[in-house]
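Chains as they are written, first to last, in the numbering used here: chain A, 12 to 270; chain B, 23 to 286; chain C, 21 to 299. Note that CB positions come from ideal geometry on N, CA and C, so glycine has one too. As the structure is a computational prediction, the values presented were derived from the model and not from experiment. Below is one structure; the comments refer to it alone.
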Amino acid sequence: MHERLSFHMKRNSVIHRLNPLTKLVLILALILISFTSPWYWTPHFVLLLAIIPLSALGGVFPEFFKTATRLILPAASFLFLMQAFFQPIGEDVIFKFYFLDITQESLMFAFRNAMRVFVMVSAFTLFLLTTHPSELMSDLTRRGLPPQFAYVIISTLQILPQMQAKAQTIIAAQRSRGLDTESTFFKRAGSVVPLVGPLVFGSLVEVEERAIAIEARGFTSKHSKTSLHEIPDPSFDKVIRWVLLALVILSIAANLWLA
Amino acid sequence: MKIEITNLRFTYPTGLEALQGISLTINAGEQVAIVGQNGAGKTTLVRHFNGLLQPACGSVLIGDWDTKKTSVAKLASRVGYVFQNPDEQLFSRDVLTEITFGPRNLGYSKEKIDGLVKRALALTELSDKTEINPYDLSPTWRKMVALASIIAMDTPIVIFDEPTTGQDALNVARIANVIAELRQEGKTVVTITHDIDFCAENFERVIALSNGQVLLDGPAREVLGREEILAQTYVDPPQLTRLGKRLGLKETVRNQEEFLKAIW
Amino acid sequence: MAFVELQNVTYKYPLTKTPALQNINLQINEGEFVAVIGPNGAGKSTLCYALAGFVPHFFKGEISGTIEVAGKESGKSTLDEWVLNVGLAFQNPFNQISGAKYTVFEEIAFGLENIGVPREEMKSRVEDAMALTGIRDLADRSPYSLSGGQQQRVALTSILVMQPKLLVLDEPTSQMDPIGTREVFGTIRKMAEDGMTVVLVEHKMEWIAQFADRVVALKDGSVLLEGKPSEVLTSDLLAENGFGISRYTSTAREAKKRGLWKKENLPVTLDEAVAGFKL
């Protein structure tokens, strides 16, 4: 009845088999390096030489490409334009648009920032595509993360697709009452209220009932928890995590050194 | 108004073939119940009637409008659809505004809207509750508000998706009352229901779906007597029908009147 | 002392004026299957929450009287201890999905993970529970992709797998197809015969009559009637107070007026109706 409710794509790849924490460390390291490395082209290279090849290795390149071009690219382009126009740095004006100047410096600055954001969002996309959220939760809980905290993370990962499915039903209900959601912008803006009301109220009821439902199933039990899935964490994963940590420290050190 | 469905097929993005070639004609003024097991395709089918879903193959005609070529908002003037869960539908500050929403969208005159709203309120016994916020009402009354908000649109076709689920006897009687009134007015009523006794007492024609296909379709008396075939789609005949069978009555009986007449 | 014992329980939700439960006294024996009926707003769900510990531990509000299950008193326990003995499933199946799991199998295992059941035992308990409720074929589906009736079976299984001593069910079959409903009633009956105590809120009189040991009729937060299904469900008080009654009973009552029902007692089940009308 409903659409798929997680981003995770079931594949049998090297990336999928990595321990969830390793993947989390991997993408955080890529992001941190993109943001801290003093070398200008770092984020571009991280994207081209790490994230894109990793998505291919994980067998999720088509899905990754779709999200990147449809969602991340427009957002990053917008950020790029805003920064290029409104960043008052540099004298070397290469483009004029009324009172707005684009300088070589602002262009370079905007390009790097847009790339950093691109790397950040695409790294998370890669993570979500290749990591099963319940494996991540089990693994983090096993490592001592409070289960309540893990639950919040996981249910948040699920909430967007869920809200989307719910919003679809509500939209369907209101269109059935003659609400025109397909025509002009003003009509569409006016049609927001009938959609938001049920969504918010529904969520309030849902939160209460869900709290009862998980409590009834021993969620706050003081027993030590067990896990249905065994999540392997071979020494190979540990080595990768240490190497990544070292790279991040190197990048930060280089940044401080040159600053 | 007539509903004409020709060779309708529909597949969800997940690959689930929910409807596998359905052809049906529902004539103006007919009262039709759709029954069948969970996942048989009942909701998927009726969501085609007002264009919420589009056929992958085949066609659905509402009067002379093809649902493929008509927007949902426009179809709303011919097909009213009461969703199963009223909480997915209600949003207004008070019951009156809520019920006025639909007819106003359809662009009726103020006088006409007032008349329709008044009638819908009376029919659902909500006349004394017009100023209450729907969310301060019990779920039972919220269901009635959802019903009223569709009835007020005065569409020639009204669809109910599981109207009696979770309702108590009093409210089921109210809902039956509303359906009887719509029949009086010559409306076409299509209702999805698991409540087979409710179905037997309020509908003349029954369609049993199974795995996206029509298993049985005909007068309620005929369909509800076919115990073995209904069992294929997880439906039991009504209580009095089963009782009549066990007592060896020749005719299939559906309700108290028919039963008492048959054993007289 | 009965297995479940409510003494003079009166309860008011926060910010409300009238009590949702008024002076409820109830004894339920171990392994008994008790059905609770009543019009909307009678306090059925509140009674379920009270048995399951959520009233007052979760909802707060004012409560008086005592609630005891298996020799423990609700007021002196914490909710997380209480739920180990008392399982609750309620009407809306969608909101009972944990949101933390991606397959039905994982969803059902969720409760067992929480209370620290070892992995191998967990798997076999989940398998057994799914077999019991007939949802083995749903094991790998996403709980969100299921229909309402299927989700209700998952919600029921998720609580059965915890093996509570007292099982509290608030309209667990409202979205199920007719034969599915009958099957679930049969499953619940079997659980009761194996020693589980069951309190079930339902509107479906035919199956209550056939499967429950006892019926409690609630009205405006108080117990109106209590006793065997054959006694309670045939009482004239039910129809007068807006309760549903089975077609067997209502038709026999009408037949009695016309002299077509000869027996003194009215029927509540198909078999009783067949026997009575054959006279």
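Do ARG252 of chain A and MET182 of chain C come within 8 Å of each other at the CB atom, strictly closer than that value? For the purposes of this step, residue 182 of chain C is identified with residue 162 of the third sequence, where counting begins at 1. For the purposes of this step, residue 252 of chain A is identified with residue 241 of the first sequence, where counting begins at 1. No, they are not a contact pair.
Any beta carbon from chain A within less than 8 Å of TYR103 of chain B's own beta carbon? Taking the second sequence and counting its residues from 1, one reaches residue 103 of chain B at position 81. Closer than 8 Å to some Cβ of chain A, the Cβ of TYR103 of chain B qualifies, so yes.
Is any beta-carbon of chain C found at less than 8 Å from that of ALA184 of chain A? Counting from 1 along the first sequence, the entry for residue 184 of chain A is found at position 173. With 8 Å as the cut-off, ALA184 of chain A does not count as an interface residue toward chain C.
Where the alpha helix (DSSP H) through SER250 of chain C begins and ends: The residue given as residue 250 of chain C occupies position 230 in the third sequence. DSSP places SER250 of chain C inside the alpha helix (DSSP H), whose first and last residues are 249-252.
Just confirm the distance between the C-beta atoms of MET23 of chain B and GLY102 of chain B, as a whole number of angstroms; I'd bet it's less than 8 Å. What you label residue 23 of chain B is simply residue 1 of the second sequence in a count that begins at 1. What you label residue 102 of chain B is simply residue 80 of the second sequence in a count that begins at 1. Not really, about 12 Å apart at Cβ, beyond 8 Å.
Take LEU143 of chain B as the anchor and find which of B:ASN127, B:LEU128, B:TRP163 and B:ASP158 has the nearest alpha-carbon. As a working mapping, residue 143 of chain B is identified with position 121 in the second sequence. LEU143 of chain B has its Cα closest to that of B:TRP163, out of B:ASN127, B:LEU128, B:TRP163 and B:ASP158.
Please identify the residue among A:LEU140, A:THR47 and A:GLU102 whose C-alpha is closest to the C-alpha of ARG22 of chain A. In the first sequence, residue 22 of chain A corresponds to position 11, counting from 1. Checked all of A:LEU140, A:THR47 and A:GLU102; the closest Cα to ARG22 of chain A is A:LEU140.
My output table needs one value for THR36 of chain C: the three-state DSSP class, helix, strand or coil. Along the third sequence, one-based indexing puts residue 36 of chain C at 16. Correct three-state label for THR36 of chain C: coil.
Could you tell me whether any Cβ in chain B is nearer than 8 Å to the Cβ of VAL218 of chain A? As a working note, residue 218 of chain A is residue 207 in the first sequence. With a threshold of 8 Å between beta carbons, VAL218 of chain A makes no contact with chain B.
Comparing the C-beta of THR274 of chain B with each C-beta of chain C, is any distance below 8 Å? To locate residue 274 of chain B, count along the second sequence from 1; it is residue 252. By this cut-off, THR274 of chain B is not an interface position.
Report the residues of the stretch 39-57 of chain A with a CB closer than 8 Å to any CB of chain C, ordered along the chain. So the list is empty, because no residue satisfies the distance condition.
Where PRO185 of chain B and LEU26 of chain C are concerned, what is the direct C-alpha to C-alpha distance, given to the nearest angstrom? For the purposes of this step, residue 185 of chain B is taken as the residue at position 163 of the second sequence. For the purposes of this step, residue 26 of chain C is taken as the residue at position 6 of the third sequence. Their backbone Cα atoms lie some 35 Å apart in a straight line.
Note down the Cα distance separating PRO278 of chain B from ALA272 of chain C, rounded to an integer number of angstroms. The residue labelled residue 278 of chain B in the question sits at position 256 within the second sequence. The residue labelled residue 272 of chain C in the question sits at position 252 within the third sequence. The sequence given here places Gln at residue 278 of chain B; Pro does not occur at that position. Our two residues, GLN278 of chain B and ALA272 of chain C, have alpha carbons roughly 9 Å apart in a direct line.
In the DSSP assignment, what residue or residues form a beta bridge with SER117 of chain A? By 1-based counting over the first sequence, the position of residue 117 of chain A is 106. Per DSSP, SER117 of chain A has no beta-bridge partner at all.
To test your reading of the DSSP string, which unbroken beta strand (DSSP E) runs of 3 or more residues are found completely within the stretch 83-145 of chain A? 104-108 and 111-114
At least one CB of chain C closer than 8 Å to the CB of ALA178 of chain A: is that the case? If you number the first sequence from 1, residue 178 of chain A lands on position 167. No, because no Cβ of chain C sits closer than 8 Å to the Cβ of ALA178 of chain A.
Buried versus exposed, by CB contacts within 10 Å (16 or more), ASN45 of chain C: In the third sequence, counting from the first residue as 1, residue 45 of chain C sits at position 25. Burial call: exposed.
Along the chain, where does the beta strand (DSSP E) that runs through LYS8 of chain B open and close? Examination of residue 8 of chain B is not possible in this model, given that chain B is present from 23 through 286 alone.
Are there 16 or more other CB atoms within 10 angstroms of the CB of GLY58 of chain B, so buried, or fewer, so exposed? The sequence position of residue 58 of chain B within the second sequence is 36, counting from 1. Label assigned to GLY58 of chain B: buried.
Segment contact flag, the stretch 43-54 of chain B with the stretch 202-215 of chain B, C-beta cutoff 8 Å, min 3 pairs: yes
Touch check for the stretch 181-200 of chain C and the stretch 211-220 of chain C: three-plus C-beta pairs under 8 Å? yes
Going along the chain, which residues of its own chain have a beta-carbon closer than 8 Å to the beta-carbon of GLY206 of chain C, five neighbours each way excluded? Here residue 206 of chain C refers to the residue found at position 186 when the third sequence is read from its first residue. Here the set comprises PHE231.
Cβ neighbour criterion (16 or more within 10 Å) applied to TRP52 of chain A: Mapped onto the first sequence, residue 52 of chain A falls at position 41. Label assigned to TRP52 of chain A: exposed.
Return the CA-CA distance between ARG186 of chain A and ALA98 of chain B, expressed in angstroms with no decimal places. Start at 1 with the first residue of the first sequence, and residue 186 of chain A comes out as number 175. Start at 1 with the first residue of the second sequence, and residue 98 of chain B comes out as number 76. Computed Cα separation, rounded: 7 Å.
One question on the structure: do ALA95 of chain A and LEU118 of chain A come within less than 8 Å of each other, judged by their Cβ atoms? Taking the first sequence and counting its residues from 1, one reaches residue 95 of chain A at position 84. Taking the first sequence and counting its residues from 1, one reaches residue 118 of chain A at position 107. Contact: yes.
Can you give me the start and stop residues for the beta strand (DSSP E) that LEU41 of chain C sits inside? Indexing the third sequence from 1 puts residue 41 of chain C at position 21. Boundaries of the beta strand (DSSP E) around LEU41 of chain C: 41-48.
If you scan the stretch 243-286 of chain B from start to end, which runs of the beta strand (DSSP E) of 3 or more residues do you find wholly inside it? none
Under a Cβ-count criterion, where at least 16 other Cβ atoms within 10 Å of its own Cβ denotes burial, should ALA161 of chain A be classed as buried or exposed? Taking the first sequence and counting its residues from 1, the one referred to as residue 161 of chain A is at position 150. The residue in question, ALA161 of chain A, is buried, as its Cβ has 16 or more Cβ neighbours within 10 Å.
Counting only C-beta atoms, is PRO205 of chain A closer than 8 Å to chain B at any point? Counting from 1 along the first sequence, the entry for residue 205 of chain A is found at position 194. Interface residue (Cβ-Cβ distance to chain B less than 8 Å): PRO205 of chain A is classified as such.
With DSSP run on the structure shown, which of helix, strand or coil describes VAL24 of chain C? Position 4 of the third sequence, counting from 1, holds the residue named residue 24 of chain C. Three-state DSSP puts VAL24 of chain C in a strand.
Measure the Cβ-Cβ separation of LEU262 of chain B and PHE281 of chain B and say whether it is below 8 Å. Position 240 of the second sequence, counting from 1, holds the residue named residue 262 of chain B. Position 259 of the second sequence, counting from 1, holds the residue named residue 281 of chain B. Taking 8 Å as the Cβ cut-off, LEU262 of chain B and PHE281 of chain B qualify as a contacting pair.
So with CB distances below 8 Å, who are the chain C contacts of GLY229 of chain A? As a first step, residue 229 of chain A must be located in the first sequence, where it is residue number 218. Residues of chain C with a Cβ closer than 8 Å to the Cβ of GLY229 of chain A are, in chain order, ASP100, VAL103, LEU104, GLY131, ASN134, ILE135 and MET182.
Per DSSP, CYS79 of chain B forms a beta bridge with which residues? Here residue 79 of chain B refers to the residue found at position 57 of the second sequence. According to DSSP, CYS79 of chain B bridges with B:ARG31.
Using a C-beta cutoff of 8 Å, does GLU74 of chain A count as contacting chain C? Taking the first sequence and counting its residues from 1, the one referred to as residue 74 of chain A is at position 63. So no, GLU74 of chain A is outside the interface.
Below 7 Å on C-beta distance, what does ARG33 of chain C contact in chain B? Here residue 33 of chain C refers to the residue found at position 13 of the third sequence. Correcting the residue identity first, residue 33 of chain C is Tyr in this sequence and not Arg. Neighbours of TYR33 of chain C in chain B, taken as residues at a C-beta separation under 7 Å, are lacking, since the least C-beta distance is about 13 Å.
For SER238 of chain A, tell me which candidate among A:ILE225, A:SER145 and A:VAL204 has the shortest Cα-Cα distance. In the first sequence, residue 238 of chain A corresponds to position 227, counting from 1. Considering only alpha carbons, the answer is A:SER145.
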